[in-house]
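In what follows, a single structure is set out as structure tokens and then discussed.
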Amino acid sequence: MAKKKVRTPQEASRDPAAIALLERALEIGAETCFYRADEITPCPIGAEGLCCRFCAMGPCRLVGDVDMGVCGATRDTVVARNFARSVAAGSASHSDHARDLAYTLLAAAEGHAPDYKIRDPYKLYEVARYLGIKVGDRPINEIARDVALAALGEFGRIQGTLLYLKRAPAKRQKIWYDLGIAPRAIDREVVDLLHRTHAGNDQDAEHLLDQAMRCALADGWGGSMLATDITDILFGTPAPVRSEANLGVLREDMVNVIIHGHEPTLSEIIVAAAQDPEVIAYAQSKGAKGVNLAGICCTANEVLMREGIPLAGNFLQQELAILTGAVDAMVVDVQCIMEGLVPLANRFHTALITTSPKVKVTGAVHIEFDEHRALEIAKEILRTAIDRFPQRGEVFIPDIRSPLVPGFSHEYINYALGGTYRGSFRPLNDAIIAGRIRGVVADIGCNNARLCHDENHYYVVSEFLKNDVLVVQTGCGAIASAKRGYMTPEAAMEYAGPGLREVCEAIGIPPVLHLGACVDNSRILTVLAQMVSETGLGDDISDIPAVGMASEWMSEKALAIATYCVASGAYVIMGGVRNPVAGSPLVTQLITEGWEKKVGGRLEFLEDPEEIVRRALAHIDKKRAALGLEEYNPAKWGKSGDWRIREVLELPLEERLEAVYGRK
Amino acid sequence: MEKVVLDVPLMWADHHVMKVRNALTKLDGVEDVYASSAWKQVLVKYDPAKVDRARIEQALGQAGYPVGQGQTPILVEPTEKRRDPRWSAMSFRMSQTYRADLEMSGDFRKW
Amino acid sequence: MSRYIATRAIRGANAIVAEAEALLQKALAEKGPDTPVAFTNTAYYLPVIYAMLSHPVSKIGDMVPVLEYAKSLLHPPPDEKWWVPYLGETLDCGMATLLAEEIIEGIRFVYGEQPERYPGFRMTGSASFTSPEFETGEEGGGYLNGPIDDIQLRSWGIQLVDGRMPAFAAIVGAARTNRAAVAIVRELQRRNILVFLCGNVNGRSIIDQLHEEGVEMGYDTYIVPFGRDTIAAIYPLGFATRSALTFGGLKPGQWREILLYNKYRVFAFVLALGEVDDLKYATAAGAISYGFPVIADTVIPQILPTGITRYEHVISMPWEEIEAETDEEKAARLVQKCIEVRGVKVKITEVPIPVPYGSAFEGEVVRKADMRVEFGGRASRAFEYLRMVPMDQVEDGKIEVIGPGFEDVPVGGAMDLGILVEVAGRKMQEDFEPVLERQIHYFINGASGVQHIGQRDIAWIRISKTAAEKGFNLRHFGDILYTRFHADFGAIVDKVQVKIITDPALHAEWLQKAREAYEYRNRRLADLVDEAVDTFYSCVLCQSFAPTHCCVISPQRLGLCGAYNWLDCKASYEINPTGPNQPIQKGQCLDPEKGYFTGVNEYVRVASQGKVESVAVYSIMENPMTACGCFECIVMVIPEANGVMVVSREDPSMTPAGMTFSTLAGMAGGGLQTPGVMGVGKYYLTSPKFISADGGFKRVVWMSSFLKQTMAEELKKVCEREGDPDLLDKIADETICTDVEGLLAFLEEKGHPALSMPPLF
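Protein chains in written order, with our numbering: chain D, 22 to 685; chain G, 9 to 119; chain F, 17 to 777.
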């Protein structure tokens, strides 16, 4: 292979722990995705969406003079089809995740999964209300069973449209119905899209993209939202908790088990099993003090939000975690699991354990998970991990970790803004209307090995904070900010502009809110819908001064999320790598101006983070102006706070008694 | 005249101030008392010939406000990870704007 | 919140709940769970607890679940570093604090520790009559007020509604100096803001400060001293809570609505004077849930973002840093800030006289001993007469004193006085003369140190020594009237001139002319019957409080608050054509007896937001008119007696319906149509159209003695009109009976006509 310029660790990541381990990788000659990204040139044709490989007459590379495939498919059709396929795959991933949870809820309700129970009955009642399930004074398991069945029904709904659509603002629903993109059944929209993108079907870019929106909406307001809700029912609606992030959370003296992937079903049980005296005793018998759990990717976010389990790192740190030599087992379920883990794990003592019936990785240990015997399997997994502990070789754990306060479910945010008696989004809306908060940015999504790890996340978040933009995050973007220390309440004082700082100090929140895993982007939809109905910020999501972005995106799920956010009215920026629809100016135009006209949101792919920030702020200011809100002016704010009283507290009593009345 | 500042952790509200002042002002030799519930401290000015610090502390102790002792009870403790234990018991999960919020905020004080 | 405040508020909440628990355990042990608990004269039990939890506390044992609930609202205080959010938690703790404080005050009542004993203290004016049991003791005093009773709440209703009383201020603590205390309170009074006092700093309360400075405290001066600790701050919050139940038509248990009602409709704020301790922060957190902001005169952390309250949550204005020379100016700035932060709309008319001026002084009493001079009463004659004259005969702003001033009258003496107000205006009508003339009473009473009673030729005015010393003289009556008529009635009055007449000859001459005018008006009024007009008027003034209530005011049925009759409404419509009083075209009369009119029905349907379909103007049995909460009396059917009873809001006693006024009011108010129950103005009793569809005044079988006494003459005429001159004696009252059996026996004995009237049902 031709030798490319390989990035130094400092060029490959902005995270000091990652840099330390990349140096370690160089030292011991281990290969990681960072290296491979430098080695492999991305296929320039595929990168622009111009490779059509939907039938055996091709693959057709629509480059140079070729502007049509064998079948006559135009560049526009091919690019749109490729994009739509990605959206279908992304939607399928989130929604299938939701399905498994619904089955778990059903099993729990029917008593077939004794290790699960309804941890949050109040959330169950709320969800039942949306799904039209009678609550009354029926036994909780009966309600749960009906909720699970109703949720499962949404996947194959025979008639009508998804029940959760009514959670959107009325105006938004009307747009969907008028355009004919209100999703019907979750599975149906994915299948429909796969069908259309088969050779010789839908060959109109705009029509294809419409269905892509419908499919994505079935994810956002369907699969993802159900996944979030059912997870809350089973494992509790998150509320703030303390935790820590980065590889420094690994322990030399304990069995380190990394849970990685996306589903909480197994990991929640592993959390319980790790506290089991029997398991702890077994660990101790092997010379460890106990079992230390840490997470990577969205499984991490799920157990972080609900149990406060620390974060080991984000997507690009999965290999690096193994490089510490301190990971005794990495337990994976679904999504975002690199096959490159196998050779690395083999170099160390680490057991890579696949658990999902859907995911096997050649060379990994497979212990298949079954929710009917959850605890038993979890213990078996932990025993496997513990058995590896004595085989540990040299350990290299960078002593780097940051505190954070995650746990911001939309329900908690509602509570935080007024308590039991007055909880509402009024204070948030007020803050935006007044201009203390300039707008809201959701920076979500992945890491991408082609970019400098975490760099875009750090940059955009810090810029937004300076500009009094409240940042909400999920997924690996959230983990980036967690590691950077943006998710501590103290960060408001350090990084936020004066208005945002006042708001954070009033509520006691970090300036960057961790909303959960990537399925929990549905929480952002709920928050936006509630901000609209709270009034004062227009009557549709598209009126709110808010921007969504995935500044280091890589997965198809990110495209699905982006598309449902746009179809819900948001301006979405995908950052970092090249525009995957660049091959068709028409498609590029359709997803920007075209979609803006249709649904009020637009999708843009921007490589330059400074440009991302510029455009996001411009959009926020444009929406503020359209709402007739005051121009953003940070000089007006920042007069709240505890600083003054602290000066008084320094004084001896007699002087203090005078000082409280102020300086004469 | 001498003065002394004493910490009185249990004097956390102004109805305690009344009792503390009551206990001290009736001591012979106490000339001035400033009982501050905000800072939980008492400033006592007294004539050392008539009364001493020990007597003052004793009076406070007898009134139920021992100097430097006790603290206000906290009836609820957070979990090890500082999560509020009340959350899981709170009987509501609001994910919609409450209708009354909008109705009540209508045009108020018309005239 | 700020973390500093959150920490202290949460700590304070935990502490006060623990204290309430200890006290409750003690009370349970010493007094037992069945010992009754009650605040004075209220139908709302312990009002905050009742409203929030829909849990009536009537005995000690009832408090146990409340305390458990309060505990469940507690949270741990935030950490010094790496804390988890605290705003929602702090507000919950604030609510727990209020519940605990109300429990404590309830128990203090049981032990006789509330209202708080305060030797040497005396409330002014009529305050004590609502709480007769506390009137004994030293000179009818010796106690602070304790909770405000329902009667006073209701009688303030219309003023709270129409903006005459734009807000209330709960002052907690003590001002920097006595002078500052007086200055702050005077500033509030000047704006007619109701002032509630509680709390102390280092044992000194603002109540002590005002008491030392001789400031009159009581309902009539708009200053209510609740108690000298912060726990008494539960009383103003109970007042706010009950206003939502009384005027807003909200039901106990509708906690969110009740709090929002307060946020949007009750303009209250907390003024924390002096250092702020844990319990004050905790109580303030409770107040913030009501949408009441906190303004402090010391350094405390500010919470400026908005949302729970309409504007800023917590403001710090350290007293020494207020840019002003004198305490008075500082007080003005501070109060100005409070008003901004609460968004209170205050209209003040600057009246150029040497004494303070405002509605808060309306109730001031000038005692004989403090009096410089009086006009009217026993020793002299005073009258006031307002008339409309042609435009060219009025010189706007001309104020003449014709005759001697009171300089030569000995101190405590009397002299004759005539006040002649002449107005002109393109929209002025003869009918408005009495409407405007009646305002003279309110206008003159607003001057501090001046007392005005009565009207027409039975007016009685006193000027205090203090006012006279400050230079108040006869000319100032003119200044007051000129300024106020222009300010309040500028839409119908273009020019005003005032003649103050003390010259004996001229006095006699004008008195005669005035009497002729009164007589003429009386005849005009008698002719003004419902059938003679084709327009009624609506009054939706109270919709800012009771959003679905609408009064229909006809010449023969005045508003239920007693403050607005048909002529008032007509004038009000002229003054403000888009205001609360709108003409209602009667339209087709569907039923002259019951009083159904197409126009009225249509209007009411819209005005009540569809809640009321139709109204029978003259019936209590069928689609009676709704009520807000500020009615003077409640009329209620007593089926056993085939008649109705009339309970006045001044009457705290039991009635034959088995309920007191306060409880009945819950059924009558809130904009609901309840056949058989109706809130009315007391002068409606004298109207020939008083429940005329159901038999009229002869149906009245029971009536609060207060009404019988205060309206004796008017009612006597009614009895004569009804052809039964002794009817009044056949009507029972609370001194005769408070149960149905007693009532029936009395009616039988007296041969009350209701017994032989056609059955009501």
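Note that the Cβ used here is the ideal one computed from N, Cα and C, for glycine as well.
Under 8 Å from the C-beta of residue i: neighbouring residues of chain G
i: G820(F); result: Lying outside 17 to 777, the shown extent of chain F, residue 820(F) is not represented and no answer is given.
i: H779(F); result: Within the shown structure, residues of chain F are numbered from 17 to 777, placing residue 779(F) beyond reach of any answer.
Chain-ordered chain D contacts of residue i [CB-CB under 8 Å]
i: M98(G); result: Y143, Y436, T441
Cut-off 8 Å between Cβ atoms - residues of its own chain near residue i, not counting five sequence neighbours on either side
i: E378(F); result: D236, Y458, N461, G462
i: T621(F); result: Checking the sequence shown, residue 621(F) turns out to be Arg, not Thr. Here the set comprises V628, E629, S630.
Chain-ordered neighbours of residue i on chain F, where CB pairs are closer than 9 Å
i: Y682(D); result: R192, G290, D313, T314, V315, P334, W335, E336, E337
Own chain residues within Cβ distance below 6 Å of residue i, not counting five before or after
i: V425(F); result: V389, M431
i: C577(F); result: I174, C646
i: E149(F); result: For E149(F), the pLDDT reaches just 35, beneath the cut-off of 50, and the residue's location in the model is therefore unreliable, although a value from the coordinates is still provided. Closer than 6 Å at the Cβ level, and outside the excluded window around E149(F), lies no residue.
i: S147(F); result: Low per-residue confidence applies at S147(F): pLDDT is 33, beneath 50, and the placement is therefore not dependable, though the value from the model is reported in the following sentence. Contacts found: T56.
i: E336(F); result: none
Min CB distance residue i to chain D below 8 Å
i: R397(F); result: no
i: Q318(F); result: yes
i: Y42(G); result: yes
i: T322(F); result: yes
i: P94(F); result: yes
i: M111(F); result: yes
CB contact check: residue i to chain F, cutoff 8 Å
i: M112(G); result: yes
i: E88(G); result: no
i: V31(G); result: Checking the sequence shown, residue 31(G) turns out to be Ala, not Val. Answer no: the Cβ-Cβ gap between A31(G) and chain F never drops below 8 Å.
Contact list for residue i against chain F, beta-carbon separation under 8 Å
i: T509(D); result: W98
i: V426(D); result: W98, W99, V100, P101
i: G662(D); result: S18, P317, Q318
Spatial neighbours of residue i in its chain, beta-carbon cut-off 7 Å, leaving aside the 5 residues before and after
i: M139(F); result: G157, N161, M233, G234
i: S661(D); result: E523, E526, A527
i: G682(F); result: A59
i: E344(F); result: A199
N- and C-terminal bounds of the alpha helix (DSSP H) containing residue i
i: K504(D); result: 496-505
i: M514(D); result: 511-516
i: S423(D); result: It is not in any alpha helix (DSSP H) - S423(D) instead sits in the beta strand (DSSP E) that spans 423-425.
i: K346(F); result: 343-358
Neighbouring residues, chain G, relative to residue i (Cβ below 9 Å)
i: I446(D); result: The question names Ile, but residue 446(D) is Phe in the sequence shown. Near F446(D) (Cβ distances below 9 Å), the residues of chain G are T105.
i: G721(F); result: Checking the sequence, you will find Ser at residue 721(F) rather than Gly. Chain G residues near S721(F): none, gap ~35 Å exceeds 9 Å.
i: S375(F); result: Ordered by position in chain G, no residue passes the 9 Å Cβ test against S375(F), which lies about 16 Å from the chain.
Where residue i meets chain D, residues with beta-carbon distance less than 7 Å
i: R101(G); result: Y143, K144, E147, T258, E432
Residue i: CB within 7 Å of a non-hydrogen atom of the ligand MG
i: G76(G); result: With respect to the ligand MG, the structure offers nothing, as it holds no ligand at all.
Residue i: contacting residues in chain F (beta-carbon distance under 7 Å)
i: A108(G); result: R272, E273, L276
Beta strand (DSSP E) segment containing residue i, residue limits
i: Y2(F); result: Outside the shown range of chain F (17 to 777) lies residue 2(F), about which nothing can therefore be said.
Closer than 8 Å to chain G by CB, residue i
i: K627(F); result: no
Proximal chain G residues relative to residue i, where beta-carbon distance stays under 7 Å
i: V12(D); result: This structure gives no information on residue 12(D), because the portion of chain D shown stretches from 22 to 685.
contact_flag[the segment 566-582 of chain F, the segment 425-441 of chain F] where n(CB pairs < 8 Å) is 3 or more: no
Cβ contact check for the segment 144-155 of chain D and the segment 96-114 of chain D: 3 or more pairs under 8 Å: no
Touch test, the segment 525-541 of chain F against the segment 599-616 of chain F, Cβ-Cβ under 8 Å, three pairs minimum: no
At least 3 beta-carbon pairs within less than 8 Å: the segment 413-426 of chain D vs the segment 385-400 of chain D: no
contact_flag[the segment 517-531 of chain F, the segment 391-407 of chain F] where n(CB pairs < 8 Å) is 3 or more: yes
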